[in-house]
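Peer 1: With the working numbering, letter number 50 in the sequence shown gets 31, and the count goes up by one each step, no holes. Okay, here's the structure, questions in a sec.
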Amino acid sequence: MPDLALRLIMEKLDYLSVQCLRKLCIDLRKSIFRINPESTLSVFQMDLSCDSIITTLRFKDRTIKITYQKHETGCLIKWTGANGKMMQDSDYVKMALHDAQLLLDSKNSGALDRFSFSTEDKSEDISTFLERFESYLTSRNKPLKVEYFSMHVSSQNHILNVFPFMNPTEIQTLDMAFFKDNGEKLEDAVLEKIVKSEQWKNAKELQSAKLFRDTPLPNLKHFKKLYLENTTLTTDMVVELKEVGFNVIQ
């Protein structure tokens, strides 16, 4: 099939339909790989636990949720509008990671509206997933473009597995927090890596600044919009924030 005809066909298909088309024959699979059509994926969200990974995807015309469930004989995969499928002798972490890579690779030039990770778990499976996801991000030819970056996690290192490898020129909004607010503060070394990154410096808005309430004000002044929850603001700090244009509500 000529590339032009295939492009016209794929313009009418969503991501899942393109993947089904890939399975028809090896020639089609090679042609689709060569053309590498741009996906309409706009939101990529992963919620991770010790026995399952849920991926929520928003495309131009629909939202899909895929669950990768840990099972004693393999991995049970369930998705919106379809029956579940058991993948014998398959690891749920590897399955979820493989599909995540395919989905994110389908964004060739455009940026995701929202990229979100959430986990309250510190299990070995979650750490393994994020370490492998970091390896994937570092291996990309171009950093992933994201406008809204969100991570709600239980481990400080989980943030560093992902955040430093986003495209620094695309990020508009940051939303980072610990999954459960127990008063834990960022370690100095972790905080320094975050605030010195180009991703941090280029962002315009900080949504959940509770995690960064002890961050020196010079590291916050570049934000155009800042949600700062801090019960220990001094008069000098309030004055300094107002001087750079923030509307401080106490």
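Glycine included, each C-beta is placed from N, C-alpha and C at the ideal position. Source: prediction; values computed, not measured.
Under the rule that 16 or more other beta-carbon atoms within 10 Å means buried, what is asparagine 89, buried or exposed?
Peer 2: Counted from its first residue, the sequence shown places residue 89 at position 108. Burial call: exposed.
Peer 1: Considering glutamine 180, what are the terminal residues of the alpha helix (DSSP H) in which it resides?
Peer 2: The count along the sequence shown starts at 1 and reaches residue 180 at position 199. Looking at the DSSP string, the run of the alpha helix (DSSP H) that includes glutamine 180 is 179 to 183.
Peer 1: Report the start-end ranges of each beta strand (DSSP E) in the region 61 to 116 that is 3 residues or longer and not cut off at the edges.
Peer 2: Complete beta strand (DSSP E) runs here, min 3: 66 to 69 and 93 to 100.
Peer 1: Look at valine 134 and phenylalanine 193 and say whether their C-beta atoms are less than 9 Å apart.
Peer 2: Locating residue 134 in the sequence shown gives position 153, where the first residue counts as 1. Locating residue 193 in the sequence shown gives position 212, where the first residue counts as 1. Cβ distance not < 9 Å, so valine 134 and phenylalanine 193 don't count as in contact.
Peer 1: Would you kindly work out how many angstroms separate the C-alpha atoms of tyrosine 136 and leucine 125, rounded to a whole number?
Peer 2: The sequence position of residue 136 within the sequence shown is 155, counting from 1. The sequence position of residue 125 within the sequence shown is 144, counting from 1. Residue identity differs from the one stated: residue 136 is serine in this sequence, not tyrosine. Each residue's Cα considered, the two are about 22 Å apart.
Peer 1: Secondary structure at glutamate 128, three-state DSSP: helix, strand or coil?
Peer 2: Here the question's residue 128 lines up with position 147 in the sequence shown. Reduced to three states, the DSSP call for glutamate 128 is strand.
Peer 1: Use the C-beta contact count for alanine 63: other C-beta atoms within 10 angstroms, 16 or more gives buried, fewer gives exposed.
Peer 2: By 1-based counting over the sequence shown, the position of residue 63 is 82. By the 10 Å Cβ count, alanine 63 comes out exposed.
Peer 1: Where does valine 127 land, buried or exposed, given buried means 16+ other C-beta within 10 angstroms?
Peer 2: Along the sequence shown, read from residue 1 onward, the residue named residue 127 stands at position 146. Counting Cβ neighbours within 10 Å, valine 127 comes out buried, since at least 16 surround it.
Peer 1: Within 10 angstroms of its Cβ, does alanine 184 collect 16 or more other Cβ (buried), or is it exposed?
Peer 2: Residue numbering aside, residue 184 sits at position 203 when the sequence shown is read from its first letter. Alanine 184 is buried by the Cβ-count criterion.
Peer 1: Give me the residue from Ile175, Thr61 and Lys51 with the minimum Cα distance to glutamine 69.
Peer 2: By one-based count along the sequence shown, residue 69 stands at place 88. Residue Lys51 is the option with its Cα nearest to glutamine 69.
Peer 1: Can you list, in chain order, the residues of its chain whose CB lies under 7 Å from that of threonine 212, leaving out five sequence neighbours each side?
Peer 2: Locating residue 212 in the sequence shown gives position 231, where the first residue counts as 1. Here threonine 212 scores only 49 on pLDDT, less than 50, and its place in the model is too uncertain to base an answer on.
Peer 1: Within the same chain, show all residues whose beta-carbon is closer than 7 Å to that of methionine 218, passing over the 5 residues directly before and after it, in chain order.
Peer 2: For the purposes of this step, residue 218 is identified with residue 237 of the sequence shown, where counting begins at 1. Excluding sequence neighbours, methionine 218 sits near Leu198.
Peer 1: Which residue wins for smallest C-alpha separation from threonine 44, given the options Val24, Phe159 and Asp28?
Peer 2: Start at 1 with the first residue of the sequence shown, and residue 44 comes out as number 63. Looking at the Cα atoms, Val24 is the closest of the given residues.
Peer 1: Could you check where the alpha helix (DSSP H) with lysine 174 kicks off and where it finishes?
Peer 2: The residue given as residue 174 occupies position 193 in the sequence shown. It spans 169 to 176 - the alpha helix (DSSP H) in which lysine 174 sits, taken as one unbroken run.
Peer 1: Provide the residue(s) that pair with valine 24 in DSSP beta bridges, ordered along the chain.
Peer 2: For the purposes of this step, residue 24 is identified with residue 43 of the sequence shown, where counting begins at 1. Note: valine 24 sits in a beta bridge opposite Arg39 and Arg95.
Peer 1: Which word fits threonine 216, buried or exposed, when buried means at least 16 other C-beta atoms lie within 10 angstroms of its C-beta?
Peer 2: Along the sequence shown, read from residue 1 onward, the residue named residue 216 stands at position 235. Exposed, because fewer than 16 other Cβ atoms sit within 10 Å of the Cβ of threonine 216.
Peer 1: Can you tell me where the beta strand (DSSP E) with aspartate 156 in it begins and where it stops?
Peer 2: In the sequence shown, the residue the question calls residue 156 occupies position 175. Its beta strand (DSSP E) spans residues 154 to 159.
Peer 1: Given that a residue counts as buried once 16 or more other Cβ atoms are within 10 Å of its Cβ, and exposed if not, what is serine 20?
Peer 2: As a working note, residue 20 is residue 39 in the sequence shown. With 16 or more other Cβ atoms within 10 Å, it is buried.
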